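Student: In the numbering used here, the protein residues as written are 226 to 404. Each residue gets a CB set at the ideal place from its N, CA and C atoms; glycine is no exception. Remember, it's a predicted structure, so these values are computed and weren't measured experimentally.
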Amino acid sequence: MRLLIIRHQRERSSQSNTGNLVHRVVSGTEVVDYTALKRPPNPVSLWQPDTEYRVLFPIPGAELVSPATFTGKGSPTLVILDGNWRQARRMSRRIPGLHAFPFVTVPGTPPLRRLRAPIRPGQLSTADAVARALELLGYTDEAHQLQAALDLLVARVLHVRGQGNRRALTGGTMRRSPA
226 MRLLIIRHQR ERSSQSNTGN LVHRVVSGTE VVDYTALKRP PNPVSLWQPD TEYRVLFPIP
286 GAELVSPATF TGKGSPTLVI LDGNWRQARR MSRRIPGLHA FPFVTVPGTP PLRRLRAPIR
346 PGQLSTADAV ARALELLGYT DEAHQLQAAL DLLVARVLHV RGQGNRRALT GGTMRRSPA
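1) To the nearest angstrom, how far is the alpha carbon of E367 from that of E360?
2) With 16 as the cutoff for other CB atoms within 10 Å, does P283 come out buried or exposed?
3) If you follow the alpha helix (DSSP H) that E360 is part of, which residue opens it and which one closes it?
4) Give me the residue from V379, S291 and L262 with the minimum Cα distance to I320.
5) Does DSSP put R279 in a helix, in a strand, or in coil?
6) Between R227 and T302, what straight-line distance do the alpha-carbon atoms span, to the nearest angstrom?
7) Is P268 helix, strand or coil by DSSP?
8) Count the other CB atoms, across all protein chains shown, that sit within 10 Å of the CB of D275; report buried if there are 16 or more and exposed otherwise.
9) Put R232 into one of helix, strand or coil per three-state DSSP.
10) Does the separation of the CB atoms of L289 and T260 fall below 8 Å?
11) With respect to the beta strand (DSSP E) encompassing V304, which residues constitute its N-terminal and C-terminal limits?
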């Protein structure tokens, strides 16, 4: 399966961006900058024939991701809108041709630790949503690798911000050197 991340321009260098993490951890992931889609004429031929697109974004009426999400009538591609909640909502309305595709969502059980506070209960980071979608679609190894990388990223960023602990950075107990 291919992942297509449409990244808001402000997310490119954001410390709390998790879409970049998805790109680095999950093979078959492509990133397109949203600004490239807004410039006329559109230099990016985004929508390919013989491709089955699903947009991972929780609009009203979006179906839950399941093994039946893709029908097998084309190459499966999950489109991910990467930005804060306001940016992603705007992108979902403004990207030409996006609403021609079905929107899907994942259950919004909040993670224990996060980098950004959600606007509404159940909102997830890009990487959390992608990891849950991959798990539900049967790509469990990729989902676990992404979740492990996300846990480490969150621990490191929170530590730098003075909100974390050293144990979370190593994924286990810390050894003390003899005094």
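Tutor: So, from the data block:
1) Put simply, the backbone Cα of E367 is about 8 Å away from that of E360.
2) Around the Cβ of P283, a 10 Å sphere holds 16 or more other Cβ atoms; the residue is buried.
3) T351 to L361 is the span of the alpha helix (DSSP H), which, as asked, contains E360.
4) Considering only alpha carbons, the answer is L262.
5) Here R279 sits in strand by DSSP.
6) Their Cα atoms are separated by approximately 5 Å.
7) Confidence is the limiting factor: at P268 the pLDDT is only 46, short of 50, which leaves the residue's position unreliable, though a coordinate-based value still follows. DSSP, reduced to helix, strand and coil, places P268 outside both helices and strands of the structure shown, so it counts as coil.
8) The C-beta of D275 has fewer than 16 other C-beta atoms within 10 Å across all chains shown, which makes the residue exposed.
9) Strand.
10) No.
11) Per DSSP, V304 is one residue of the beta strand (DSSP E) stretching across S300 to D307.
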